[in-house]
Amino acid sequence: MALVRSISAGNFGCRAGLTLSCSKEDGGTLGMMTFSTSSACWAENTPYLTSLAWCMHVKCAEFDILNSKLELFWEQQATGQGNAGVKSDPPKWSYNEALANVTTPPTVQLNATSQYLNTISLVSPSVYLVQWNILTNTQRETVNENTYGISMLIAGVGTPILLTGLAYAPITSSLIRRLKPYLVWPSIIGTYQVRPLPFLLGNALTVGQSLYIAGFIFLNIIFTSINYQSRQPNAWYSTKWREIMAYVLWRTGALAYIIGPLVFLFAGRNNFLLWLTNWSHSTYIILHRWVARVFCLQALIHSILAVILEKEEGSYAASVKEKYWVWGIVATVAVVILTFSSGLWVRSFSYELFLLGHIVFSVILLVGCWYHATDLYHFLGGYQTWVTTMASLWSFDRVARVARVAMVGLRRAKVTELGDGGYIKITVRGIRWGSEPGKYVYVYFPTINPLRPWENHPFSVLPTALLQANHSGSSSVSDAATTPPAADVEKHDPLREQIKPVPHTDIGLTIYVKRSAGMTRSLSSNDSLPVLLEGPYSSNSNRDILRCDRVLLIAGGIGITGILPFLKNHWNIKLAWSVKESAKCLVDDLDGAMAQLASPDKDVRVGSRINVNQLLAEEITAGWERVGVVVSGPAELCHDVGKTQFEFEVEAYSW
Ligand SMILES: Cc1cc2nc3c(=O)[nH]c(=O)nc-3n(C[C@H](O)[C@H](O)[C@H](O)COP(=O)(O)OP(=O)(O)OC[C@H]3O[C@@H](n4cnc5c(N)ncnc54)[C@H](O)[C@@H]3O)c2cc1C
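Per our numbering: the sequence shown = residues 5 to 659.
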């Protein structure tokens, strides 16, 4: 390429290049480089083709390059940047044909001020050197950018997979289990386990989450800082300082592009890592925020360096008018807005506004990234691959959401207001999602707010059958009624038909909602409210909890819905649940589900608090080898339990 540039660019400052006999004023344009010579002109110009072929023959000899590679280069780059996806005219000769047309070695020597190429010539050694220096160093830097960026991508995706594998591998699983209480569960900021930081600054991280994030930031700092090299003299940058600054500028931009897919992957409800690992959706959402902040920082450094460099080079005024520059600004502004408009205070102020803004600015970001790269390099460097990956991950998530909704179809919900405390029970019949703990669903009520039919909210789901005091009995009645035993098929007994019990109607799912200030405020009793359900999703992997000898369930208020399914999934449960007086209706309504537990394994308190420390102490004294604790409820409760050394899981109703 240094040869092509040596001939086509001609000298230091002049990108217009040497003039051929067929050159015109209005040659083709590629990004920042304007050519006064068109591809067709190069393709048919004998002095150019023979000079280039001779130059390649001489200069490439020392590198022992295969003839096929030289031909490939010739086809792709001799008359334009085919490697960047730019359509160019094929040269009239192949490389070998052009070389064969060099009857005598050239003697005319171009120099840095040469303007015309009228006969076969030798490139100017000084021009060749400066082009060689910048182009080989650019190539080197491109390899570094991609190596470092892809390494971070692999580390970002690979860490959860690796740690999950270690947690399940026989040799390491017990070590990981012993480390969990110290690394995975405790918060790094005092009592802020689940509850928000003061002034809604955000949510505190657990030690495990902060280790991942610290590692990711560390990798970014290292990979942004190492392995720069200056090669002067240089055709593009007159000082070492500017040259290195340019490499940092390129690297920060490239790293932002490459880690972009992580940002989109972690945000998805249908993030494939949720299926491959035992990390929870709320953890991925937290990682999404932090990786996005790193992405934003890289983009900001990139943009600031671009301004400084262009000003130093004196090309700022011209650059700001370029399309690639404008799209770069658009993308940078979008990512800054996305980062700062996603704070907890915005989400608490209006979650729907946050979501809408997030979607709009994410689209702007993707479009900005695409055109920034395309206008600058066309398809050279493969930046569009990362934009396409981001868009694909996002689209996959959206399509999967629609598919989940479509699989369930439009249903009718029975909505019942329970008492005056703002508690609502929603029952949707005919859905069989099993009774595994930790399931939740996004619920759409398209008729509640017809202007925003897409609005949906996550709620824990309970199999309706679980709520019946005698649900096991009624299930068997149902089974008997709907599927007679094979042996009885031929015995037609009219008497038996007469006494056949009516099939029970408790197949379906139930959701309990505590009214809040948004969509849930509009919910009121209704026997047939249209509803769409997107799910089921799993909040946490409960595998380790369910393998404990004893499971202690601690719930506060509406948090009971997240842990109730454990009652049907473990043989040795203790449940402690406290509610305010206003939630007495909830206790009454769930009486049936609670019936299977008897005191002392059931401690339900109305109007008084649970003594978490005492509960934990009791379990320790009881001498169980492995105790699992699941907590679901107010943030303070989660924190108290978070100090435990047991297997621990939080069902936090927020992210
Ligand atoms: C996994 C999970 C399970 C949940 N299960 C239950 C449950 O069983 N019963 C129950 O009463 N509540 C549950 N919640 C909380 C419930 O989702 C919110 O209370 C509900 O979305 C509030 O709706 P709203 O429009 O009235 O909220 P608003 O009053 O507008 O917002 C209140 C808060 O709810 C949260 N929120 C609002 N919309 C969303 C959303 N689309 N996604 C995530 N969070 C949101 C935000 O933190 C917001 O600050 C659960 C939350 C999660 C994340």
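For each residue, glycine too, the CB sits at the ideal point set by N, CA and C.
Since this is a predicted model, take the numbers as computed values, not measurements.
{"Asked": "Where does the unbroken alpha helix (DSSP H) through Ser98 begin, and where does it stop?", "Found": "Careful: Ser98 lies outside any alpha helix (DSSP H) and carries neither H nor E."}
{"Asked": "Verify whether the separation of the beta carbon atoms of Tyr444 and Pro540 is less than 9 Å.", "Found": "yes"}
{"Asked": "Go to Pro174, then tell me how far its alpha helix (DSSP H) extends in each direction, as first and last residue.", "Found": "Pro174 to Leu187"}
{"Asked": "Tell me which same chain residues have a C-beta within less than 7 Å of the C-beta of Tyr241, skipping the five on either side of it?", "Found": "Glu247 and Ala250"}
{"Asked": "Could you check what DSSP says for Ala559 in three-state terms: helix, strand or coil?", "Found": "strand"}
{"Asked": "Drop a sphere of 10 angstroms on the beta-carbon of Met60, count the other beta-carbons inside from all chains shown, and report buried for 16 or more, exposed for fewer.", "Found": "buried"}
{"Asked": "To the nearest angstrom, report how far apart Lys325 and Ala303 are at their CA atoms.", "Found": "20 Å"}
{"Asked": "Out of curiosity, what's the CA-to-CA distance linking Leu24 and Trp136?", "Found": "22 Å"}
{"Asked": "Between which residues of its own chain and Ser55 is the CB-CB distance below 8 Å, once the five residues before and five after are set aside?", "Found": "Ile11, Pro110, Leu121, Ile124, Ser125, Leu126 and Val127"}
{"Asked": "Classify Asp483: buried if its beta carbon has 16 or more other beta carbons within 10 angstroms, exposed otherwise.", "Found": "Caution is warranted here: a pLDDT of 36 is assigned to Asp483, below 50, making its placement in the model unreliable, and no coordinate value can be reported."}
{"Asked": "Return the chain-ordered ranges of every beta strand (DSSP E) run that is complete within the segment 124-152 and spans a minimum of 3 residues.", "Found": "none"}
{"Asked": "Please state if the CB of Leu537 and the CB of Ile435 are separated by a distance shorter than 9 Å.", "Found": "yes"}
{"Asked": "Whose C-beta lies closer than 6 Å to the C-beta of Ile564 among residues of the same chain, with five residues either side of it excluded?", "Found": "Trp581"}
{"Asked": "Under 8 Å: does the beta carbon of Ile463 sit that close to some heavy atom of ligand 1?", "Found": "Before going further, note that residue 463 is Phe rather than Ile in the sequence given. Yes."}
{"Asked": "Count the other CB atoms within 10 Å of the CB of Phe570; is the residue buried (16 or more) or exposed (fewer)?", "Found": "buried"}
{"Asked": "Of the residues Leu215, Leu360, Arg554 and Gly560, which one's Cα is nearest the Cα of Asn573?", "Found": "Arg554"}
{"Asked": "Let me know the secondary structure DSSP gives Ala580 once reduced to three states.", "Found": "strand"}
{"Asked": "So what's Lys325 in DSSP terms, helix, strand or just coil?", "Found": "coil"}
{"Asked": "With respect to 8 Å, is the separation between the Cβ of Trp659 and the closest non-hydrogen atom of ligand 1 below this value?", "Found": "yes"}
{"Asked": "Please list the terminal residues of the continuous beta strand (DSSP E) segment that includes Ala417.", "Found": "Arg415 to Leu422"}
{"Asked": "Using a Cβ distance threshold of 8 Å, determine whether the segment 331-343 contacts the segment 285-305, with at least three qualifying pairs required.", "Found": "yes"}
{"Asked": "Counting C-beta neighbours from all protein chains within 10 Å, is the total for Glu494 16 or more, i.e. buried, or is it exposed?", "Found": "Because Glu494 sits at a pLDDT of 42, beneath the cut-off of 50, its placement in the model cannot be relied upon, and the point is left open."}
{"Asked": "So, with DSSP's three-state summary, where would you put Val106?", "Found": "coil"}
{"Asked": "Should the segment 259-273 be called in touch with the segment 173-193, which here means at least 3 C-beta pairs below 8 Å?", "Found": "no"}
{"Asked": "Would you list the residues sitting across from Gln113 in a DSSP beta bridge?", "Found": "Leu126"}
{"Asked": "Determine the direct distance from the alpha carbon of Ala322 to that of Pro237, and round the result to whole angstroms.", "Found": "24 Å"}
{"Asked": "Whole angstroms are fine: how far does the CA of Leu422 sit from the CA of Val517?", "Found": "10 Å"}
{"Asked": "Answer yes or no: do Ala102 and Trp78 have a C-beta to C-beta separation smaller than 9 Å?", "Found": "yes"}
{"Asked": "Express the C-alpha separation of Ala296 and Ile221 in angstroms, rounding to a whole number.", "Found": "11 Å"}
{"Asked": "Who are the Cβ neighbours of Pro638 in its own chain at under 6 Å, not counting the five residues just before and after it?", "Found": "Gly560"}
{"Asked": "Thinking just about the alpha-carbon of each residue, which of Val371, Ile289, Thr451 and Tyr375 is nearest to the one in Gly347?", "Found": "Ile289"}
{"Asked": "At which residues does the beta strand (DSSP E) containing Gly586 begin and terminate?", "Found": "Looking at the sequence provided, one finds Ser at residue 586 rather than Gly. That residue, Ser586, is in no beta strand (DSSP E); it is neither H nor E in DSSP."}
{"Asked": "Comparing the CB of Arg525 with every heavy atom of ligand 1, is any distance shorter than 8 Å?", "Found": "yes"}
{"Asked": "Alpha carbon to alpha carbon, how far is Ser229 from Ile312? Give it in angstroms, no decimals.", "Found": "18 Å"}
{"Asked": "Roughly how many angstroms lie between the CA atoms of Gly372 and Trp331, to the nearest whole one?", "Found": "5 Å"}
{"Asked": "Please classify Lys429 as buried or exposed, where buried requires at least 16 neighbouring CB atoms within 10 angstroms.", "Found": "buried"}
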